[in-house]
Amino acid sequence: SDGRPEYLTISRSVKDLTTVINFLKKKFDSIGIHGTSYGGTVSLLTSSQNKKINAQVIVSSPHTLELFKGRDLKNQIRKNNYFVFRENFRIGKVFFQDLKNYRIFFKRVKKIQAPTLLIHGDNDTHVPLNHSKQIFQTLTCPKNLEVIKGAPHFTTYLKQYDDEMERLSIEWFSKWLKL
């Protein structure tokens, strides 16, 4: 979507993904989505309200703000109207205001019908493995949790873990999307 990162919200991201899915569903019978980290959280929330998704793979996705613990969040937002999350990536005040709409995250996750594969590295220092374990326990749809030994949060930078994630994703989509 358009806009600067500090105007990013979960609601806008869910709306954007829903727009893409609605467009694709006009052209394709089966839709699979793959989301990593924040994108995985958006995918979960989108699939909880959009039955057009036939399968999904979610990688290292958070379900709470515990990742911001120990950071000077309130003071930065009060001073700048945004929080510097990683290097030059700003999370704006509007993100945290919008987050209040998602306090019932697990209630929404229970509504997901699309078969869901969760993938998480056991060496993830950004989003602890227990996030995926808790999401897995909440899901009522066909599901699986794959833990990649030694993998950090961003596996795309490390070929050995990326290959494993890619293999697991292709197998999942092949099974549920009948590829």
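At position 150 of the sequence shown (counting the first as 1) the number is 150 in this note's numbering, and the numbers step up by one without a gap.
For every residue, glycine included, the Cβ atom is placed at its ideal position computed from N, Cα and C.
Quick one, are the C-beta atoms of residue i and residue j less than 7 Å apart?
{"i": "K143", "j": "T116", "result": "yes"}
{"i": "I10", "j": "D98", "result": "yes"}
{"i": "F154", "j": "L145", "result": "no"}
{"i": "G32", "j": "V59", "result": "no"}
{"i": "G92", "j": "Y82", "result": "yes"}
{"i": "K25", "j": "K52", "result": "yes"}
{"i": "T46", "j": "V14", "result": "yes"}
{"i": "I170", "j": "Y161", "result": "no"}
Between which two residues does the alpha helix (DSSP H) harbouring residue i extend?
{"i": "I21", "result": "I10 to K25"}
{"i": "Q97", "result": "K93 to L99"}
Measure from the alpha carbon of residue i to the alpha carbon of each residue in the options, then state which is nearest.
{"i": "N54", "options": "K133, I112 and I119", "result": "I112"}
{"i": "H34", "options": "L145, Q137 and L44", "result": "L44"}
{"i": "S30", "options": "S13, K100, G40 and Q56", "result": "Q56"}
{"i": "T64", "options": "K51, K74, F96 and W172", "result": "F96"}
{"i": "T140", "options": "K110, R103 and F23", "result": "K110"}
{"i": "F89", "options": "K178, Y7, S174 and K175", "result": "Y7"}
{"i": "K106", "options": "T19, S48, V20 and M165", "result": "For the record, residue 106 in the displayed sequence is Phe; it is not Lys. Of T19, S48, V20 and M165, the residue nearest in Cα terms is S48."}
With DSSP collapsed to three states, give me the class of residue i.
{"i": "V127", "result": "coil"}
{"i": "K107", "result": "helix"}
{"i": "Q113", "result": "coil"}
{"i": "F28", "result": "coil"}
{"i": "Q170", "result": "Contrary to the premise, residue 170 reads as Ile rather than Gln in this sequence. I170 falls in the helix class under three-state DSSP."}
{"i": "L177", "result": "helix"}
{"i": "T64", "result": "coil"}
{"i": "L118", "result": "strand"}
{"i": "K159", "result": "helix"}
{"i": "I135", "result": "helix"}
{"i": "T41", "result": "helix"}
{"i": "S1", "result": "At S1 the pLDDT is 48, less than 50, meaning the model places this residue with poor confidence; the figure from the coordinates comes in the next sentence. In the structure shown, S1 sits in coil (DSSP, three-state: anything other than H, G, I, E or B)."}
{"i": "T140", "result": "coil"}
So the beta strand (DSSP E) residue i belongs to, where does it begin and stop?
{"i": "N80", "result": "Counting along the chain, N80 falls outside any beta strand (DSSP E), though it belongs to the alpha helix (DSSP H) covering L73 to N80."}
{"i": "G150", "result": "Run containing G150: none; DSSP gives neither H nor E here."}
Does any heavy atom of the ligand FMN sit closer than 6 Å to the C-beta of residue i?
{"i": "K149", "result": "Within the structure as shown, the ligand FMN is missing, as the structure has no ligands at all."}
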